[in-house]
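> Can you keep this structure in mind? I'll have questions shortly.
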Amino acid sequence: MATYLVKHTRTRPTMQGHWDGPAWNSIESVAIASACPGRVSRHKPETHVKLQYDGRGIYGIFKVKDQYIRCTTIQHNGSVCTDSCVEFFVKPHRGEGYFNFEFNCGGTLLCSYIRDHTRIDGGFRDFTPIPREDAVMLDIYHTMPRYIPQEIEEQR
């Protein structure tokens with residue numbers, strides 16, 4: 000399994016999407032080269048991420064080159080995986096359980112704390128969705144429109 004060292008920052012980055020801006024230009028990026036096990040698709044957009052943290056939170060920025068972009072899920076904890084989306088996982092402590100953060104290109108969030116990732120009808124065997132009142136503490140910046148009902152077919 001690949002590892003990525005998340006560096007500490009003294010300055011909280013602004014939420015403006017500047018991949019090479021002052022807050023991000025010294026942060027190493029990593030290519031996202033893996034997909035969910037069991038899901039087979041030849042469509043693999045070129046995706047990179049940079050992460051950093053401070054005492055208040057974790058900050059991330061994704062850079063995605065994609066074709067066939069779509070975004071129709073606008074409700075919190077909706078099925079953003081049916082849209083053009085990215086995700087990352089955070090394990091805050093040793094032992095079982097991790098957070099799964101998924102964002103579609105329009106900024107809609109699906110987030111759960113997963114204790115048993117075994118797939119069953121309706122999700123995972125043991126998970127807790129993050130309620131909206133907790134999710135509003137996240138700042139989410141996106142460069143695509145919130146809702147894209149007709150697929151964009153040109154490269155972005």
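FYI, numbering that gives the first Met the number 0 numbers position 95 of the sequence shown as 94, with every residue one higher than the one before it. All C-beta atoms in this analysis are idealised placements derived from N, C-alpha and C, irrespective of residue type, glycine included. Because the structure is a prediction, the values reported are computed rather than measured.
Pull the bridge partners of H7 from the DSSP assignment, please.
For this step, residue 7 is matched to residue 8 along the sequence shown. DSSP output for H7 lists Y52 as bridge partner(s).
> Among P12, I113, R118 and R124, which has the Cα closest to the Cα of R55?
Taking the first residue of the sequence shown as 1, we reach residue 55 at position 56. Comparing Cα positions, the closest option is P12.
> Within its chain, find whatever has a CB closer than 6 Å to the CB of D138; leave out the 5 residues flanking it on each side and keep chain order.
Working through the sequence shown from its first residue, we reach residue 138 at position 139. Cβ within range, chain order: M14.
> Does R155 come out as helix, strand or coil in the three-state DSSP assignment?
Looking up residue 155 in the sequence shown gives position 156. Note: R155 maps to coil in three-state DSSP.
> Between the segment 15-28 and the segment 65-73, do at least 3 Cβ pairs fall closer than 8 Å?
These segments do not touch.
> Report yes if the CB atom of V48 is closer than 8 Å to the CB atom of V29, and no otherwise.
For the purposes of this step, residue 48 is identified with residue 49 of the sequence shown, where counting begins at 1. For the purposes of this step, residue 29 is identified with residue 30 of the sequence shown, where counting begins at 1. Yes, Cβ-Cβ distance for V48 and V29 is below 8 Å.
> Buried or exposed: which applies to E150, given that a residue is buried once 16 or more other Cβ atoms fall within 10 Å of its Cβ?
Taking the first residue of the sequence shown as 1, we reach residue 150 at position 151. So E150 counts as exposed.
> Name the DSSP bridge partner or partners of E86?
Your numbering for residue 86 matches position 87 in the sequence shown. E86 pairs with E101.
> What would DSSP say about E45, mapped onto helix, strand or coil?
Numbered from 1 along the sequence shown, position 46 holds the residue referred to as residue 45. Strand, per DSSP.
> In whole angstroms, give me the CA-to-CA distance for I60 and R124.
If you number the sequence shown from 1, residue 60 lands on position 61. If you number the sequence shown from 1, residue 124 lands on position 125. C-alpha separation (whole angstroms): 30 Å.
> What does the alpha-carbon distance come out to for the pair E95 and D115?
Taking the first residue of the sequence shown as 1, we reach residue 95 at position 96. Taking the first residue of the sequence shown as 1, we reach residue 115 at position 116. Roughly 8 Å between the two C-alpha positions.
> On the DSSP letters alone, give me the boundaries of the alpha helix (DSSP H) that D133 sits inside.
Stepping through the sequence shown from its first residue, residue 133 is reached at position 134. Here the alpha helix (DSSP H) through D133 covers R131 to A134.
> Thinking C-beta only, is I129 closer than 8 Å to G105?
Walking along the sequence shown from the start, residue 105 turns up at place 106. Walking along the sequence shown from the start, residue 129 turns up at place 130. Not a contact, by the Cβ cut-off of 8 Å.
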